[in-house]
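Asker: So that we are looking at the same thing, I have put the structure below in structure tokens.
Protein chains: 2
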Amino acid sequence: MALIDQYKDTLNAAIAANYSRNYFSAFPESPKAYSETGMEDALKWFEKVKTEGHFHELTQTSTQYVGQEVSPFTQSGLNIKYPVNLLTDYISNAQRAQKQWKTISVENRAAILMSALDNFKARFFDVAVATMHTTGQAFMMSFQASGPHAADRALESIAMGYDLLHRIPESVHWIKPMGKYDINIQKTFKAIGKGINVVIGCSTFPVWNTLPGVFAGLITGNPVIVKPHQGGILPIAIVVAEIQNALKAHNVDPLLIQLAADEADKPIAKILAEHPDVKIIDYTGNSKFGTYLESIPNKVVFTEKAGVNSVILDSVKELKGVADNIAFAGSLYSGQMCTAPQNIFIPESGIETAEGRITYAEVVEAIKTAVNNISTNPKMAGGVLGAIQNPLTLDRVKTTESSAQSNIQTAGGVENAEFPNARTSSPLIMELKAEDYDHYSEELFGPIMIVIKTKSTEQSVEMAQKLAFEKGAISCGLYCTDEVLKMSILEKMEEACVPVSINYTGMSIFMNQNAAFSDFHVTGGNPAGNATFTDYAFISRRFSWVGHKEMV
Amino acid sequence: MALIDQYKDTLNAAIAANYSRNYFSAFPESPKAYSETGMEDALKWFEKVKTEGHFHELTQTSTQYVGQEVSPFTQSGLNIKYPVNLLTDYISNAQRAQKQWKTISVENRAAILMSALDNFKARFFDVAVATMHTTGQAFMMSFQASGPHAADRALESIAMGYDLLHRIPESVHWIKPMGKYDINIQKTFKAIGKGINVVIGCSTFPVWNTLPGVFAGLITGNPVIVKPHQGGILPIAIVVAEIQNALKAHNVDPLLIQLAADEADKPIAKILAEHPDVKIIDYTGNSKFGTYLESIPNKVVFTEKAGVNSVILDSVKELKGVADNIAFAGSLYSGQMCTAPQNIFIPESGIETAEGRITYAEVVEAIKTAVNNISTNPKMAGGVLGAIQNPLTLDRVKTTESSAQSNIQTAGGVENAEFPNARTSSPLIMELKAEDYDHYSEELFGPIMIVIKTKSTEQSVEMAQKLAFEKGAISCGLYCTDEVLKMSILEKMEEACVPVSINYTGMSIFMNQNAAFSDFHVTGGNPAGNATFTDYAFISRRFSWVGHKEMV
Numbered sequence: 033m034a035l036i037d038q039y040k041d042t043l044n045a046a047i048a049a050n051y052s053r054n055y056f057s058a059f060p061e062s063p064k065a066y067s068e069t070g071m072e073d074a075l076k077w078f079e080k081v082k083t084e085g086h087f088h089e090l091t092q093t094s095t096q097y098v099g100q101e102v103s104p105f106t107q108s109g110l111n112i113k114y115p116v117n118l119l120t121d122y123i124s125n126a127q128r129a130q131k132q133w134k135t136i137s138v139e140n141r142a143a144i145l146m147s148a149l150d151n152f153k154a155r156f157f158d159v160a161v162a163t164m165h166t167t168g169q170a171f172m173m174s175f176q177a178s179g180p181h182a183a184d185r186a187l188e189s190i191a192m193g194y195d196l197l198h199r200i201p202e203s204v205h206w207i208k209p210m211g212k213y214d215i216n217i218q219k220t221f222k223a224i225g226k227g228i229n230v231v232i233g234c235s236t237f238p239v240w241n242t243l244p245g246v247f248a249g250l251i252t253g254n255p256v257i258v259k260p261h262q263g264g265i266l267p268i269a270i271v272v273a274e275i276q277n278a279l280k281a282h283n284v285d286p287l288l289i290q291l292a293a294d295e296a297d298k299p300i301a302k303i304l305a306e307h308p309d310v311k312i313i314d315y316t317g318n319s320k321f322g323t324y325l326e327s328i329p330n331k332v333v334f335t336e337k338a339g340v341n342s343v344i345l346d347s348v349k350e351l352k353g354v355a356d357n358i359a360f361a362g363s364l365y366s367g368q369m370c371t372a373p374q375n376i377f378i379p380e381s382g383i384e385t386a387e388g389r390i391t392y393a394e395v396v397e398a399i400k401t402a403v404n405n406i407s408t409n410p411k412m413a414g415g416v417l418g419a420i421q422n423p424l425t426l427d428r429v430k431t432t433e434s435s436a437q438s439n440i441q442t443a444g445g446v447e448n449a450e451f452p453n454a455r456t457s458s459p460l461i462m463e464l465k466a467e468d469y470d471h472y473s474e475e476l477f478g479p480i481m482i483v484i485k486t487k488s489t490e491q492s493v494e495m496a497q498k499l500a501f502e503k504g505a506i507s508c509g510l511y512c513t514d515e516v517l518k519m520s521i522l523e524k525m526e527e528a529c530v531p532v533s534i535n536y537t538g539m540s541i542f543m544n545q546n547a548a549f550s551d552f553h554v555t556g557g558n559p560a561g562n563a564t565f566t567d568y569a570f571i572s573r574r575f576s577w578v579g580h581k582e583m584v
Numbered sequence: 033m034a035l036i037d038q039y040k041d042t043l044n045a046a047i048a049a050n051y052s053r054n055y056f057s058a059f060p061e062s063p064k065a066y067s068e069t070g071m072e073d074a075l076k077w078f079e080k081v082k083t084e085g086h087f088h089e090l091t092q093t094s095t096q097y098v099g100q101e102v103s104p105f106t107q108s109g110l111n112i113k114y115p116v117n118l119l120t121d122y123i124s125n126a127q128r129a130q131k132q133w134k135t136i137s138v139e140n141r142a143a144i145l146m147s148a149l150d151n152f153k154a155r156f157f158d159v160a161v162a163t164m165h166t167t168g169q170a171f172m173m174s175f176q177a178s179g180p181h182a183a184d185r186a187l188e189s190i191a192m193g194y195d196l197l198h199r200i201p202e203s204v205h206w207i208k209p210m211g212k213y214d215i216n217i218q219k220t221f222k223a224i225g226k227g228i229n230v231v232i233g234c235s236t237f238p239v240w241n242t243l244p245g246v247f248a249g250l251i252t253g254n255p256v257i258v259k260p261h262q263g264g265i266l267p268i269a270i271v272v273a274e275i276q277n278a279l280k281a282h283n284v285d286p287l288l289i290q291l292a293a294d295e296a297d298k299p300i301a302k303i304l305a306e307h308p309d310v311k312i313i314d315y316t317g318n319s320k321f322g323t324y325l326e327s328i329p330n331k332v333v334f335t336e337k338a339g340v341n342s343v344i345l346d347s348v349k350e351l352k353g354v355a356d357n358i359a360f361a362g363s364l365y366s367g368q369m370c371t372a373p374q375n376i377f378i379p380e381s382g383i384e385t386a387e388g389r390i391t392y393a394e395v396v397e398a399i400k401t402a403v404n405n406i407s408t409n410p411k412m413a414g415g416v417l418g419a420i421q422n423p424l425t426l427d428r429v430k431t432t433e434s435s436a437q438s439n440i441q442t443a444g445g446v447e448n449a450e451f452p453n454a455r456t457s458s459p460l461i462m463e464l465k466a467e468d469y470d471h472y473s474e475e476l477f478g479p480i481m482i483v484i485k486t487k488s489t490e491q492s493v494e495m496a497q498k499l500a501f502e503k504g505a506i507s508c509g510l511y512c513t514d515e516v517l518k519m520s521i522l523e524k525m526e527e528a529c530v531p532v533s534i535n536y537t538g539m540s541i542f543m544n545q546n547a548a549f550s551d552f553h554v555t556g557g558n559p560a561g562n563a564t565f566t567d568y569a570f571i572s573r574r575f576s577w578v579g580h581k582e583m584v
């Protein structure tokens, strides 16, 4: 039996889902689907790693080690060190591994990468605990985002690569009729990986945002160097180690993927990115560094940068469910998602509901109440809000709050029975007017929601569109019960390539969420970035078709 | 009957061919397939336009006109002027047209663009004459490259756009099972064009190199502004006018495509490219300007820049057919093709043939003879070599010849009975050694062939690969009868993403030729550029998928 056979059904189902956009998942999102003692075992493992002080799982070794991670839940250092290598070693290791990898068939590459996902799956709980104590995500989000959801996105990259690499035949006998005779040419086509793929991670979603690029790079024949954020190494280090294990198990050079950890005072992202042998760069993070990366000549660069996401409130059936939905979307992981809403546009004349018109003040009050219902509910607050990854985010909340002219709700600590030392903040809700564009047009990353009073829905849309055009946007919430108006608003947001979540209500699904196989994440049509998970261009730009032609 | 129905078979055949890589052409390449009086009519039309002094076919009008074209065959000015508009008008016209175009279904867009190709087909002879008297291509190449071959490449862009825009459904009812309940979301997907697409043409292939970008831009929902080279406006102006006619015939704003001609002392390519509303740029031309274009932030840029193409001679069955093939490839249109061979690597120990070993000197002599057989044959010379587009190219030949240490064959005039005033040059054949890398590593555009004496085939390959890595290459010729050695050489050239033509012999097919639907033109894997005709990325990067989600 060929290696690929056991994975073919899953790959084909994934490809079919990516085409049909129907719901699909190869990795159930509930922790219960995996292991009963998973959490317990993971906590023991985590303690062991911290005690050892070194992460031993990587194939890479070194005499030099770095590591400065701090848990947002305990605010103490993890004390885990990771091996670091010389730049020249990363590059030469990658090049050596690529020479072998490119000789391996697409089928076998796909099978080996699928087996890496099997390894990864067995570590979901470890990765979840590592994600909690680096990102500050509560357990459920840590498990889902860094585990099954990330694995589904990784599978999506493998599957789309598998699909694209089979798009044209390996060889064809090309016959051109010339009238009196034919020209006979035997053509062969090879997909050649463009070269070393560096994937630069972020501190808030160290696995979810990293894996699409990692697996897209690998399936298309490229060696990968993962440069994690200094604040979020452990979760992705586990996955890198498990990919290395899968490679070793199939007699492939494990250094086809390497972890290149660094420390804040000696950063290496720029040095890696500018290296002439690095041909592909994936990046998630701030816009300034992302824009710099995009400007480096002769690289294929995929970025997810900052966006400023809007909610447009025009009319609703029932306010409470809407307020709950917006409050949850803004509170989830304390607004530290690239898809979190920041600006909530409400007309000064209020909004229509099935029960009649509601004033602006009533809408604001409903949102405030809904936010407080989450942040002051001891059974809910910790699980929804999690902790604040970066102390600077907390500083931003405080500075913003103190300089704001009008605060609807000030920020405060969030009770967390399990982690009393957690770095937390309930959402700050500010109020601004439409004309205060300069104040709400910057991404205020973290638990900061801004209610913006506009002259009309038309002005709300105008400002949301302007924001998307100028600053970028990854998501948008729209509440509108008028079909004609709704279509015209969608058209406006489409012009800025912003996907809109329409009339989301209640507590089951939120504008923050983009599902693998169905939702393109980041459209590439506005300044928020150009890495679209998982569009064809996200895969096809990583390799070249090279066709040789021989006269027969 | 829907508009698309009459074109569906052709589109589907084109898509199938692009997948299968089999031979396909919707436009026969023989002039005889079109019109018996085509050439006669075209010459009359050409005289009329020159007499009028203005090109009247465009929908665009203006009070300002430019035009400085000179025929390489007569060396006199064409005296044809083209309307020019203000930059702000080009942009606002494009944006207004886009608003309508994006509301038109993919089916109707494809049908209208196919009807534009019908219009274009009826003008193949006019375009051929215009191409002759701007590029210096002989009639047959003018007809084929600017007519049927360009139309096939245009069809390929339309077909692949049609395919990609149908890749995912317009809407899907997405159901996520949550155990006790389901989440129901109605999703809609729209492909949104990224914005204005500027296509910057070159003087040697003003139609063939321009149309893939034009039709890729249009099918994916973008308005197009064609900025032709100052030396090659008329051929593409006809095509732009015919696309405008097709748009008008279907009640679409014809200014969806505009011609933006300019003059050498007031160039507008840079101003257009840097305009913030221009989102996509296609470019064919020199490397310096191409590299500058690639560096402009927030643009999708497709380039075909310069490459330095090699022929590697190791062993042949029979020398004469090989020498003929190389000589023809280097002589065709006087080396003014991006795919023309420049450097011919020959080992100092000579090459193997079926009849035994032949010395280096004998190989060189055979190539020289074959070149002279073309350039001194009055029945053949004019038709193969054509004329020299740019006087600077002729200067380059003279300067190179006079500074060369060793010339195997000096350049000279080419007899052309039809056009005694033609600007011509037979190929200069220089001789260099492998170590003279600095001298043969620049693209010496035009009728300049360099024979390079190497220590061995191994060194030949090493230098050809180095050239491709450092300077780029679009084609490569390899002569090798040893299967094992051949495979190892292909592997080396693949690393630099160079497609290789193997053992081409005789006078029927040459390394210069890349066929639509089968050959990817420019791999994107070396410095010669990143515009791959017609890979998926060449289409998919021009639009974004925007998915809206509504709770059901």
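In order, the protein sequences belong to chains A and B.
Numbering-wise (this note's numbering), the first sequence opens with residue 33 and increments by one.
Numbering-wise (this note's numbering), the second sequence opens with residue 33 and increments by one.
We put the CB at the ideal spot given by N, CA and C, even for glycine.
These numbers were taken from a predicted model, which means no experiment stands behind them.
Using CA coordinates, which residue listed in B:A443, B:I224 and B:Y511 is at the minimum distance from M543 (chain B)?
Answerer: Considering only alpha carbons, the answer is B:Y511.
Asker: Assuming I257 (chain B) and I303 (chain B) form a contact by the criterion Cβ under 8 angstroms, report the distance between their Cβ atoms to the nearest whole angstrom.
Answerer: With 8 angstroms as the limit, I257 (chain B) and I303 (chain B) do not qualify as a contact, their Cβ atoms being about 11 angstroms apart.
Asker: Cβ of T513 (chain B) less than 8 angstroms from any chain A Cβ?
Answerer: So no, T513 (chain B) is outside the interface.
Asker: Going residue by residue through the region 95 to 167 of chain A, where are the continuous alpha helix (DSSP H) segments of at least 4 residues, counting only ones entirely within it?
Answerer: Taking only runs of at least 4 residues, the alpha helix (DSSP H) segments lying wholly in the region 95 to 167 of chain A are 119 to 133, 138 to 153 and 156 to 167.
Asker: Do the CB positions of I480 (chain B) and V429 (chain B) come within less than 8 angstroms of each other?
Answerer: Yes, the Cβ-Cβ distance between I480 (chain B) and V429 (chain B) is below 8 angstroms.
Asker: Quick one, are the C-beta atoms of H553 (chain A) and N562 (chain A) less than 8 angstroms apart?
Answerer: Not a contact, by the Cβ cut-off of 8 angstroms.
Asker: Closer than 6 angstroms by C-beta to V530 (chain B): which residues in its own chain qualify, once you throw out the five before and the five after it? Chain order, please.
Answerer: Contacts found: A500, A505 and C508.
Asker: Quick check: is the beta carbon of L43 (chain B) nearer than 8 angstroms to any beta carbon in chain A?
Answerer: L43 (chain B) does not count as touching chain A.
Asker: Can a CB atom of chain B be found closer than 8 angstroms to the CB of N117 (chain A)?
Answerer: Chain B contact via Cβ: absent.
Asker: Can you tell me which of the three DSSP states R389 (chain B) falls into?
Answerer: Coil.
Asker: So with Cβ pairs under 8 angstroms, would you call N535 (chain B) a contact of chain A?
Answerer: For N535 (chain B), the answer is yes, since a Cβ of chain A falls inside 8 angstroms of its Cβ.
Asker: In its own chain, which residues sit with a C-beta less than 7 angstroms from the C-beta of R155 (chain B), not counting the 5 before and 5 after it?
Answerer: Same-chain partners within the cutoff: I270 and E274.
Asker: Starting from S576 (chain B), trace the beta strand (DSSP E) in both directions and tell me its first and last residue.
Answerer: Residues F575 to M583.
Asker: Beta-carbon of S319 (chain B) versus every beta-carbon of chain A: anything under 8 angstroms?
Answerer: No, its Cβ sits nowhere closer than 8 angstroms to a Cβ of chain A.
Asker: Measuring straight from C-alpha to C-alpha, what distance separates N54 (chain A) and H205 (chain B)?
Answerer: Their Cα atoms are separated by approximately 7 angstroms.
Asker: Let me confirm a value: H88 (chain B) is counted as buried when at least 16 other C-beta atoms fall within 10 Å, else exposed. Which label applies?
Answerer: It counts as exposed.
Asker: Give me, in chain order, the residues of the same chain whose beta-carbon lies closer than 7 angstroms to that of S421 (chain A); leave out the 5 immediate sequence neighbours on both sides.
Answerer: According to the sequence shown, residue 421 (chain A) is Gln rather than Ser. Same-chain partners within the cutoff: P104, T167, G168, S235, T236, G263 and Q368.
Asker: Could you work out which residue in A:D346, A:Y324 and A:I344 is closest to K337 (chain A) when comparing CA atoms only?
Answerer: Closest option to K337 (chain A), Cα to Cα, is A:Y324.
Asker: Would you say F221 (chain A) lies against chain B (beta-carbon separation less than 8 angstroms)?
Answerer: True, the Cβ-Cβ gap to chain B drops below 8 angstroms.
Asker: Can you grab the Cα-Cα spacing for the pair F221 (chain B) / N375 (chain B), in whole Å?
Answerer: Distance between the alpha carbons of F221 (chain B) and N375 (chain B): 50 angstroms.
Asker: Considering just the uninterrupted stretch of the beta strand (DSSP E) at K219 (chain A), what are its terminal residues?
Answerer: Element bounds for K219 (chain A): D214 to G225.
Asker: Starting from T316 (chain B), follow the beta strand (DSSP E) in both directions and report where the run begins and ends.
Answerer: Note, T316 (chain B): beta strand (DSSP E), V310 to T316.
Asker: Just to confirm, is the Cβ distance from V161 (chain B) to F56 (chain B) under 8 angstroms?
Answerer: No. Outside cutoff.
Asker: Can the beta-carbon of I484 (chain B) be found closer than 8 angstroms to that of I461 (chain B)?
Answerer: No, these two residues do not count as a Cβ contact at 8 angstroms.
Asker: Can you find a C-beta in chain B that's less than 8 angstroms from the C-beta of H307 (chain A)?
Answerer: No, H307 (chain A) does not count as interfacial toward chain B.
Asker: Please tell me whether W577 (chain B) has its Cβ less than 8 angstroms away from any Cβ of chain A.
Answerer: So, interface residue.
Asker: Looking at the strands, I want to know which residues DSSP matches up with G593 (chain B).
Answerer: No information on residue 593 (chain B) is available, as it lies outside the stretch 33 to 584 that chain B covers here.
Asker: Pick from A:A129, A:D121 and A:G85: whose alpha carbon is nearest that of I112 (chain A)?
Answerer: Comparing Cα positions, the closest option is A:G85.
Asker: How would you list, in chain order, the residues of chain A whose beta-carbon sits under 7 angstroms from the beta-carbon of E526 (chain B)?
Answerer: The contacting residues are K222, I224 and V578.
Asker: Is there contact here, the region 276 to 293 of chain A with the region 521 to 529 of chain B, by at least three beta-carbon pairs under 8 angstroms?
Answerer: No: the two stretches stay apart, fewer than three of their Cβ pairs being nearer than 8 angstroms.
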